Amino acid sequence: MEMDQYLEIFIEEAKEHLQNCNENLLKLEENPDDLMIINEIFRSAHTLKGMSATMGYEDMANLTHALEGVLDALRNGKFSFSSELLDKIFEAMDELENMVESIISGGDGRADVSEIIEQLQMLADSSNPVMKMVNPERETSANSSAGKLTYDEFEWTVIKQSREQGYHVYEVTIVLQPDCLLKSARVYMVFDAMEKIGEIIKSEPSVEDLEAEQFDNEFTFTLITKEPDRHVKETILNISEIAEVRIHPLDRANEPVDEPADQEESKGQLQNNGSKTKSSPTSGSTTKASGQKKATNMQRTIRVNIDRLNSVMNLFEELVIDRGRLEQIATELNHPELTETVEKISRVTSNLQTNILNIRMVPIETVFNRFPKMIRQLARDLGKKIRLHIVGQDTELDRTVIDEIGDPLIHLLRNSADHGIEMPEERKALGKPEEGTILLKAYHSGNQVFIEIEDDGAGINRDKVIQKALQNGLITEEEKDHLTDQEVYDLIFSSGFSTADKVSDVSGRGVGLDVVKNTIESLGGSISVTSERNKGSKFLIQLPLTLSIISILLVQVQDEKYGIPLTSILETGMIHKTDIQYAHDQPVIDFRGKIVPLLSLKEIFHVPVTKEQDQDNLSIVIIRKGDKIAALIVDQFIGQQEVVLKSLGNYLTDVFAISGATILGDGQISLILDCNALIK
Amino acid sequence: MVQLVENKRVNVQEEEIVVFSLAGKEYGINVKYVTSIEKITFITRVPNTKPYIKGVMNLRGIIVPIIDLRTRFGLEETHYTEKSRILIISFEDITVGLIVDAANDVIKITESNVEAQPEVIGVEKQNYIQGVVHLQDRLIILLHLHKILNLSGEHDEHEA
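So the sequence lines, in the order shown, correspond to chains A and B. So the first sequence is numbered by this note's numbering: it starts at 1 and just counts up by one. So the second sequence is numbered by this note's numbering: it starts at 1 and just counts up by one.
#1: Is the Cβ of G182/B closer than 8 angstroms to any Cβ of chain A?
#2: If I follow the unbroken beta strand (DSSP E) through D627/A, where does it start and stop?
#3: Looking at E327/A and S346/A, is the spacing between their C-beta atoms short of 8 angstroms?
#4: Measuring CB to CB, does G536/A end up less than 8 angstroms from D463/A?
#5: At what residue ranges does the stretch 330-370 of chain A contain a whole run of the beta strand (DSSP E), taking only runs of 3 or more?
#6: Could you spell out the range, first to last residue, of the alpha helix (DSSP H) harbouring R399/A?
#7: Can you tell which of R303/A, E199/A, Q586/A and L540/A has the C-alpha that lies nearest to the C-alpha of K226/A?
#8: Just curious, the alpha helix (DSSP H) that P51/B is in, first and last residue?
#9: Taking the alpha helix (DSSP H) that A185/A belongs to, which residues open and close that run?
#10: Any heavy atom of the ligand ATP within a distance shorter than 7 angstroms of the CB on E337/A?
#11: What ranges does the alpha helix (DSSP H) occupy inside the stretch 447-501 of chain A, keeping only unbroken runs of at least 4 residues that lie completely in it?
#12: Closer than 8 angstroms, CB to CB, is S670/A near chain B or not?
#13: Can you check which of these residues, L182/A, T339/A, F371/A and L237/A, is closest to F215/A by C-alpha distance?
#14: Any C-beta of chain A within less than 9 angstroms: which residues of the stretch 45-63 of chain B qualify?
#15: Hey, could you find the ends of the alpha helix (DSSP H) F154/A is sitting in?
#16: Have a look at L22/B, G28/B, Q13/B and A23/B and flag the residue whose alpha-carbon is nearest the alpha-carbon of H134/B.
#17: Output the distance between the C-alpha atoms of A429/A and M423/A, rounded to the nearest integer angstrom.
#18: For the stretch 66-97 of chain B, which residues have a beta carbon sitting closer than 7 angstroms to at least one beta carbon of chain A?
#19: Could you spell out the range, first to last residue, of the alpha helix (DSSP H) harbouring F90/A?
#20: Flag this pair as touching only if the stretch 591-599 of chain A and the stretch 524-541 of chain A have three or more C-beta atom pairs under 8 angstroms; answer yes or no.
#21: Cβ closer than 7 angstroms: which chain B residues qualify as neighbours of G683/A?
#22: How big is the Cα-Cα spacing for P408/A and N518/A?
#23: Just checking: is the beta-carbon of A661/A within a distance shorter than 8 angstroms of some beta-carbon in chain B?
#24: Taking only beta carbons into account, state which residues of the stretch 310-343 of chain A come closer than 7 angstroms to chain B, listed in chain order.
#25: Looking only at its chain, what residues have a beta carbon closer than 8 angstroms to the beta carbon of V100/B, apart from the 5 residues adjacent to it on each side?
#26: In terms of residues, what are the limits of the beta strand (DSSP E) holding F591/A?
#27: Thinking just about the alpha-carbon of each residue, which of L18/A, L7/A and D87/A is nearest to the one in Q377/A?
#28: Using a C-beta to C-beta distance shorter than 7 angstroms, which residues of chain A count as neighbours of F20/B?
#29: Looking only at its chain, what residues have a beta carbon closer than 6 angstroms to the beta carbon of S36/B, apart from the 5 residues adjacent to it on each side?
#30: Over the uninterrupted alpha helix (DSSP H) stretch that includes P424/A, give me the two end residues.
#31: Cα separation between N143/A and R246/A?
#32: Alpha carbon to alpha carbon, how far is V555/A from Y443/A?
#33: At the level of alpha carbons, what is the spacing between N334/A and V342/A?
#34: Which whole-angstrom value describes the C-beta separation of A417/A and L382/A, a residue pair presumed to lie in contact below a C-beta threshold of 8 angstroms?
#35: Buried or exposed: which applies to N355/A, given that a residue is buried once 16 or more other Cβ atoms fall within 10 Å of its Cβ?
#36: Give the single residue among E101/A, S82/A and E12/A whose Cα lies nearest to the Cα of R303/A.
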């Protein structure tokens, strides 16, 4: 079967389910008794199994199947939750993630999973004796009447609570025609039809056996639905090759006795049927496990190709330009009704603009959500106790920035876990809690997004940094005593720097923070660090909301207008002709004690001269690239603007010192300078 | 009989071309490459590019580089008139505009109308010519877009 067309959907969904599992596993570690969470993980694992089996990724299906076994045992309380168990499950999740990665990169998603499956199965099997004790009549004859399935504590709670909410609970027995060929397919169709009207909470034989066709012609399941039994029957009989459908309402008679809620609203015919008698104290949270769960969990979203959004954006810009013209005409004509309408259009378009920009925004959660698991693993590897606290994961950023920011953040978090947080004994000695905390916080401010990574660890060791910087020749002996704390901290962003005493697997191989700094600066952002000895350090990252909208200073050179990105501008000013000096043939100026080369935009761009300029006083823009600076002569400053950065297309590539263009309010195009090309 | 069959086949391969004029001659470009025909609006000069690139213009929010065909063919530059047009061309995922003296019409041609280029056709380099269409009293020069856009590099290659 041709599966390629489903591959993309498969990958997206597999990723979502894996992420869901990871998140819930971490939650489970904190609330090991919450059946809801286990159930949620079970669901995702089960869906994954089905998906991977359909797509023909057998190893993946086998592994999820084993995982499901463990989860099922856990759900039924067959063994208690432990960190070792969680590690094993996480190991399986990692393996699954690797497989998905392999599939994404065009591989076949194969991996040797036999060892981990064996371990998982051992875990699941170790619970079996207990299971048999609780469910001694699991293999009851299929001919018995209502209540032939036995339910555990969890299932009874679900049944009870569903009934309280007005759902019907049926035991449905289906007999397939003897000559039915694809039995598992029929089972699937029945289950699919049932999931549309309600929820199946249990089946006999188990779903796994049914899928593997490990049954005769008959199977039974427990359905929770709002539909009357007549309707359920009709629905099932619509599926072909089904011989018979028997529906038995599951009534109170089958329930375990001492349920407090039961006694209050009892019909006076409470019976003890001798099954398990202890009711679960679980309240509220389990309610969700019933039919209504699905509706609330479903996110109403659609996936849209980013190209389509870009074309909406282009059309919108056209609209903005026409709006400008319209406003001008309205002012000229001075017609009150026209003015009023134009004002209204203006308001609507600015709302529209905000909305269109928002559509491209993605919550930073998509980046953050892989960190908790990573930190957990790191803490184990390092033998440290670390808690990751995330704040503001719903902060939104443009898609383009989101794609780039992941790696730098991983680096910084690893850095904090490795170099920042101390070993538990050390922390104890310092009077700090054994468990270190890393705070990852994102928030908006103006047109910027800030991300903070703060730890309560050792802080940056000034002496160590200076020693290292001396070793690597980053500073000289004379300089070292004059450096402020801040200047010392900034040294850690220099290339070839690592303060860890020993190189560990986790971070610190000498390449590191300088790469982080470069990445963030290439995104038009900045990074800084503050630190206090033994209190911790804080990295602050500042990023633009989007890469497509930038702030520029618009300048005029003769008849032409150019935009200079504000991120490249140090300051602007005026100089007199007499201030210009010459170093060989290169004109330079003295800028705050530094000799700075003076460049003329007019000469670099061969701008046609149409009018004479005042030659005595010159407007200059001081631009920078890293530490290097230069002064640009322009004719006039027009002002600061937020503009949409556009490329010149793929015909005009590599235009010297031009990074793109933007469309100004009057519809004209202004070129955006690439200051990096101007400073060598 | 054979002739008849062949004619039929040719008829199926009927093509439409956009005909425009430049320095008194008529030229044609396959209509499938022409996305639109625009009047000349403000063109922003892009510094340090080839002389025939006049700059970029704003085409409904998209930035399109503009080539002056007169300069490209080494013809004398003139002032743009009311009739001057920009043909927006989409060719091999590149979008450019070509400035021409006037856009005339769209005509149907068949393969049988197309002739190989004659020895001497005009002042422009013969390299840019794909063929010539002879239609009643009109002579239309079909342009070789790949060569005009100079997609193969600095030095134009010889015809294959």
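Note that CB positions come from ideal geometry on N, CA and C, so glycine has one too. The model shown is predicted, which means the values in this text are computed figures rather than measured ones.
From the atom records:
#1: Chain B is shown only over 1 to 160; residue 182/B falls outside these bounds and no answer can be derived.
#2: Numbered from its first residue, the first sequence carries residue 627/A at position 627. It is not in any beta strand (DSSP E) - D627/A carries neither H nor E in the DSSP assignment.
#3: The residue given as residue 346/A occupies position 346 in the first sequence. The residue given as residue 327/A occupies position 327 in the first sequence. The answer is yes: Cβ separation under 8 angstroms.
#4: The count along the first sequence starts at 1 and reaches residue 536/A at position 536. The count along the first sequence starts at 1 and reaches residue 463/A at position 463. No, these two residues do not count as a Cβ contact at 8 angstroms.
#5: 361-363
#6: Position 399 of the first sequence holds residue 399/A. Looking at the DSSP string, the run of the alpha helix (DSSP H) that includes R399/A is R399 to N415.
#7: Position 226 of the first sequence, counted from the first residue, corresponds to residue 226/A. The candidate whose alpha carbon is nearest that of K226/A is E199/A.
#8: Within the second sequence, residue 51/B is the residue found at index 51, counting from 1. Where P51/B is concerned, there is no enclosing alpha helix (DSSP H), given that its DSSP letter is neither H nor E.
#9: Locating residue 185/A in the first sequence gives position 185, where the first residue counts as 1. Start and end: K183 to I197.
#10: Here there are no bound small molecules, and the ligand ATP is not part of this structure.
#11: Counting whole runs of 4 or more residues, the stretch 447-501 of chain A contains the alpha helix (DSSP H) stretches 462-471, 477-480 and 485-490.
#12: Looking up residue 670/A in the first sequence gives position 670. Judged by the 8 angstroms Cβ criterion, S670/A is in contact with chain B.
#13: Numbered from its first residue, the first sequence carries residue 215/A at position 215. Selected option, being the one with the closest Cα: L182/A.
#14: R45, V46, P47, N48, T49, I53, G55, V56, M57, N58, R60, G61, I62 and I63
#15: For the purposes of this step, residue 154/A is taken as the residue at position 154 of the first sequence. Its alpha helix (DSSP H) spans residues E153 to E164.
#16: Residue mapping note: residue 134/B aligns to position 134 of the second sequence, counting from 1. Put simply, of L22/B, G28/B, Q13/B and A23/B the residue whose alpha carbon is nearest the alpha carbon of H134/B is G28/B.
#17: By one-based count along the first sequence, residue 429/A stands at place 429. By one-based count along the first sequence, residue 423/A stands at place 423. The alpha-carbon separation between A429/A and M423/A amounts to approximately 10 angstroms.
#18: D93, I94, T95 and V96
#19: Within the first sequence, residue 90/A is the residue found at index 90, counting from 1. Per DSSP, F90/A belongs to the alpha helix (DSSP H) from S83 to I104.
#20: no
#21: In the structure as shown, chain A starts at 1 and stops at 680, and residue 683/A therefore has no counterpart that could be examined.
#22: Position 408 of the first sequence, counted from the start, is the residue given in the question as residue 408/A. Position 518 of the first sequence, counted from the start, is the residue given in the question as residue 518/A. The straight-line gap from Cα to Cα measures roughly 9 angstroms.
#23: For the purposes of this step, residue 661/A is taken as the residue at position 661 of the first sequence. At least one chain B Cβ lies under 8 angstroms of A661/A.
#24: N314, L315, E317 and E318
#25: Walking along the second sequence from the start, residue 100/B turns up at place 100. Here the set comprises F20, S21, L22, Y27, L69, S84, R85, I86 and L87.
#26: In the first sequence, the residue the question calls residue 591/A occupies position 591. First-last of the beta strand (DSSP E) with F591/A: Q586 to F591.
#27: Your numbering for residue 377/A matches position 377 in the first sequence. Q377/A has its Cα closest to that of D87/A, out of L18/A, L7/A and D87/A.
#28: In the second sequence, the residue the question calls residue 20/B occupies position 20. Simply none; closest approach about 20 angstroms.
#29: As a working mapping, residue 36/B is identified with position 36 in the second sequence. So the list reads I88, once near-sequence residues are dropped.
#30: Numbered from its first residue, the first sequence carries residue 424/A at position 424. Element bounds for P424/A: P424 to A429.
#31: Start at 1 with the first residue of the first sequence, and residue 143/A comes out as number 143. Start at 1 with the first residue of the first sequence, and residue 246/A comes out as number 246. Bear in mind that the predicted position of N143/A carries a pLDDT of just 40, short of 50, making it too unreliable to give a figure here.
#32: As a first step, residue 555/A must be located in the first sequence, where it is residue number 555. As a first step, residue 443/A must be located in the first sequence, where it is residue number 443. Answer to the nearest angstrom: the Cα atoms are 33 angstroms apart.
#33: As a first step, residue 334/A is located in the first sequence; it is residue number 334 there, counting from the start. As a first step, residue 342/A is located in the first sequence; it is residue number 342 there, counting from the start. If you take the alpha carbons of N334/A and V342/A, they lie about 11 angstroms apart.
#34: Within the first sequence, the letter at position 417 stands for residue 417/A. Within the first sequence, the letter at position 382 stands for residue 382/A. About 7 angstroms; that satisfies the 8 angstroms criterion.
#35: Taking the first sequence and counting its residues from 1, one reaches residue 355/A at position 355. Taking a 10 Å sphere around the C-beta of N355/A, we find fewer than 16 other C-beta atoms and assign the residue as exposed.
#36: Numbered from 1 along the first sequence, position 303 holds the residue referred to as residue 303/A. Selected option, being the one with the closest Cα: E12/A.
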